Amino acid sequence: MIIQKEMLGNLFTELSTAKEKGKKVVYTFVPGNLTELILALDMLPVYPEINALQAGMRKKSGSYIKDAEKVGFSEDVCTYVKCDIGMMLNGNIGPTGEKLPDPDLLLLCYTGCFTFMKWFENLEHLYPGVEIAMLHTPYQEDGIITDDQIQYMVRQLREEVIPKMERVAGKKLDYDRLSQMLGNAARSEDFWVKVLESAKNVPSPIDAYFAGVYYMGPLNTAFRGTDLALQYYRELYREVEERRLQGLLPINPEGEMKEEKYRLVVEGPPNWTNFREFWKIFYDMGAVIVASTYTKVGGLYDRGFRHDSAHPLESLSRYCMGCYTNLNLPQRVDLIEHYIKEYKADGFLINSIKSCNSFSAGQLLMMREVEQRCGVPVGFIESDLVDPRYFSYANIKNRLESYFQMLEQRRMIMSQEGLA
Ligand code: SF4
């Protein structure tokens with residue numbers, strides 16, 4: 008936590024002085040991000056979703072969203088978008104209180120969510136004259152990545168995206184540097200997977216959702232491929248492994264959990280405006296999230312993918328196509344089934360996000376399918392990413408309490424039948 012805080016603090020300070028130092032700034036998104044390419048060209052990335060979720064945690068998103076609605080954004084638009092637009096309308100002050108620089112390039116790596124495209128269309132109006140580069144990522148309609156698709160993406164990178172990035176950066180891409188960063192990325196990804204898989208242990212030493220969203224930060228944002236990120240993940244793994252060997256349970260904001268009563272798999276992003284209250288409902292009940300789909304939004308490393316220094320553009324292409332938001336529904340169900348079985352989960356819970364179609368589409372179907380295949384109790388709650396109007400504490404707590412009762416009853420029945 009200390010290392011990551013320092014990394015982020017330094018990044019935002021660097022961003023606040025980027026223009027005076029002549030550094031170019033690229034706005035881009037987390038799923039399918041091309042961080043190593045940006046950094047290898049000495050540019051600085053900004054991730055609007057991260058700013059939005061940080062604004063949510065700092066209780067600023069509500070007023071930003073209202074400001075965006077006042078200028079015409081409808082209630083149904085993804086609240087990350089409205090929060091981001093509202094933040095810009097209010098001076099674009101970042102999470103550390105420093106002003107974020109305007110973008111020199113909008114780099115859109117379109118992975119599965121159509122909203123990304125509309126989001127940047129809006130930013131284009133807010134920053135007239137800004138350069139735009141788009142990498143079109145084919146959707147995994149048939150659940151496989153074909154050679155044709157990889158070639159299609161590599162061609163875009165080589166012929167359109169990289170030349171445009173080089174023009175904005177004012178320099179040529181150093182492919183050796185890119186490869187070296189991708190090698191670093193792969194080593195960080197190895198550590199990250201070991202951290203995620205530590206939750207297979209009973210009891211789990213980590214909460215793979217509420218703490219997982221912090222752990223995934225450096226890999227999903229401005230640091231993938233850097234020595235700093237590698238150091239961070241090496242240290243994180245060392246700490247988690249030490250906890251596992253000592254049989255310690257996850258840490259939460261109030262200290263260390265004393266009992267692991269339920270092991271859950273969660274689908275969907277968390278709510279950010281009431282993140283602590285939301286988390287508390289779980290740890291108060293002794294529930295640990297042992298795997299989540301949201302922590303795979305920036306890449307499915309635990310299913311084997313690694314960035315590859317020997318094939319830089321091919322591996323960046325595979326990376327974009329393999330992000331969770333680019334998977335089709337059967338792939339998502341298979342993944343959840345795998346998590347429930349591999350991580351010995353007692354139940355499956357969906358946090359359905361009102362404004363995120365990319366996650367929410369098909370969730371009821373997924374729930375029924377998972378219930379049939381795994382025979383575990385499934386639960387469904389609803390909230391939103393950063394709109395505080397859609398987080399009803401009492402409602403969510405009630406539903407979760409009923410869900411935990413259901414888990415308890417099942418456990419009793421199983422133990423009576425000698426199955427547990
Ligand atoms: S709809 Fe969901 S995936 Fe798409 S931009 Fe909004 S939060 Fe991200």
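Residue numbering for the sequence shown follows our numbering, beginning at 8 and increasing consecutively.
Note that CB positions come from ideal geometry on N, CA and C, so glycine has one too.
These figures come from a predicted structure and were not determined experimentally.
Give a single yes or no on whether GLY211 has its beta carbon closer than 7 Å to a heavy atom of ligand 1. Translated into positions along the sequence shown, residue 211 becomes position 204. According to the sequence provided, residue 211 is Ser. The question's Gly does not apply to it. Answer for SER211: no, Cβ out of range of ligand 1.
Short of 8 Å in beta carbon distance, which residues of its chain neighbour VAL37, apart from the five on each side in sequence? Order them along the chain. Numbered from 1 along the sequence shown, position 30 holds the residue referred to as residue 37. Excluding sequence neighbours, VAL37 sits near TYR54, GLU56, ILE57, ASN227, THR228, VAL304, GLY305.
Name the two residues that bound the continuous alpha helix (DSSP H) containing PHE355. Along the sequence shown, one-based indexing puts residue 355 at 348. Here PHE355 belongs to no alpha helix (DSSP H); instead the beta strand (DSSP E) covers 354-360.
For PHE366, verify whether its CB is less than 7 Å away from any heavy atom of ligand 1. Translated into the one-based positions of the sequence shown, residue 366 becomes position 359. Yes, ligand 1 has a heavy atom inside 7 Å of this Cβ.
Closest to PRO102 by C-alpha separation, out of ARG310, CYS85, SER23, HIS345, would be which residue? Position 95 of the sequence shown, counted from the start, is the residue given in the question as residue 102. With distances taken between Cα atoms, PRO102 lies closest to SER23.
Let me know if GLU376 comes out buried or exposed under the rule of 16 or more other beta-carbons within 10 Å of its beta-carbon. Indexing the sequence shown from 1 puts residue 376 at position 369. The residue in question, GLU376, is buried, as its Cβ has 16 or more Cβ neighbours within 10 Å.
Counting contacts by CB-CB distance shorter than 8 Å, is VAL393 in contact with chain B? Included in the structure is just one protein chain, with no chain B present.
Is the beta carbon of CYS363 closer than 8 Å to that of PRO276? Locating residue 276 in the sequence shown gives position 269, where the first residue counts as 1. Locating residue 363 in the sequence shown gives position 356, where the first residue counts as 1. In this structure, CYS363 lies closer than 8 Å to PRO276 by Cβ.
Any chance the CB of TYR87 is under 7 Å from a heavy atom of ligand 1? As a first step, residue 87 is located in the sequence shown; it is residue number 80 there, counting from the start. Within the cutoff, so yes.
Would you say the beta carbon of CYS363 comes nearer than 7 Å to a heavy atom of ligand 1? Your numbering for residue 363 matches position 356 in the sequence shown. Flag set: Cβ of CYS363 near ligand 1.
Specify the secondary structure class of PRO52 as computed by DSSP and reduced to three states. On the sequence shown, position 45 is the one that residue 52 refers to. In the structure shown, PRO52 sits in a strand (DSSP, three-state: E or B).
Under three-state DSSP, which class holds ILE139? Taking the sequence shown and counting its residues from 1, the one referred to as residue 139 is at position 132. In this structure, ILE139 counts as strand in the three-state DSSP scheme.
Can you tell me whether ALA215 is buried or exposed, with buried defined as 16 or more other CB within 10 angstroms of its CB? Numbered from 1 along the sequence shown, position 208 holds the residue referred to as residue 215. By the 10 Å Cβ count, ALA215 comes out buried.
Between GLU131, THR144, ALA75, which lies nearest to CYS120 when the distance is taken from Cα to Cα? Residue mapping note: residue 120 aligns to position 113 of the sequence shown, counting from 1. The residue with the shortest Cα to Cα distance from CYS120 is THR144.
Taking only three categories from DSSP, how would you classify TYR117? Your numbering for residue 117 matches position 110 in the sequence shown. TYR117 falls in the strand class under three-state DSSP.
Please return the same chain residues whose Cβ sits closer than 8 Å to the Cβ of GLU82, not counting the five positions on each side in sequence. In the sequence shown, counting from the first residue as 1, residue 82 sits at position 75. So the qualifying residues of the chain are GLU76.
What residues are listed by DSSP as bridge partners for GLU376? If you number the sequence shown from 1, residue 376 lands on position 369. Answer is none; GLU376 lacks a bridge partner.
Best match in SER70, VAL84, ILE157, CYS327 for proximity to LEU96 [C-alpha to C-alpha]: Translated into the one-based positions of the sequence shown, residue 96 becomes position 89. Of SER70, VAL84, ILE157, CYS327, the residue nearest in Cα terms is SER70.
Is the beta carbon of LEU112 within less than 7 Å of some heavy atom of ligand 1? Along the sequence shown, one-based indexing puts residue 112 at 105. Checking every heavy atom of ligand 1 against the Cβ of LEU112, none is found closer than 7 Å.
Span separating the alpha-carbon of LEU243 from that of ILE357: Walking along the sequence shown from the start, residue 243 turns up at place 236. Walking along the sequence shown from the start, residue 357 turns up at place 350. If I take the Cα positions, the gap works out to 28 Å.
Does the stretch 282-294 touch the stretch 163-173, meaning 3 or more C-beta pairs lie closer than 8 Å? no
With three or more C-beta pairs closer than 8 Å as the rule, is the stretch 248-258 touching the stretch 313-320? no
Are the CB atoms of ASP315 and ALA236 nearer to each other than 8 Å? Counted from its first residue, the sequence shown places residue 315 at position 308. Counted from its first residue, the sequence shown places residue 236 at position 229. It is not a contact, given that the beta carbons lie outside the stated cut-off.
If we call anything under 8 Å between Cβ atoms a contact, is GLY63 one with TRP286? For this step, residue 63 is matched to residue 56 along the sequence shown. For this step, residue 286 is matched to residue 279 along the sequence shown. Contact: no.
Short Cβ contact (8 Å threshold) for LEU44 with LYS178: The residue labelled residue 44 in the question sits at position 37 within the sequence shown. The residue labelled residue 178 in the question sits at position 171 within the sequence shown. No.
With a threshold of 7 Å (Cβ to nearest heavy atom), would PHE123 be considered close to ligand 1? Translated into the one-based positions of the sequence shown, residue 123 becomes position 116. Flag set: Cβ of PHE123 near ligand 1.
Which two residues bound the contiguous beta strand (DSSP E) that contains SER186? By 1-based counting over the sequence shown, the position of residue 186 is 179. Per DSSP, SER186 belongs to no beta strand (DSSP E); it is in the alpha helix (DSSP H), 182-204.
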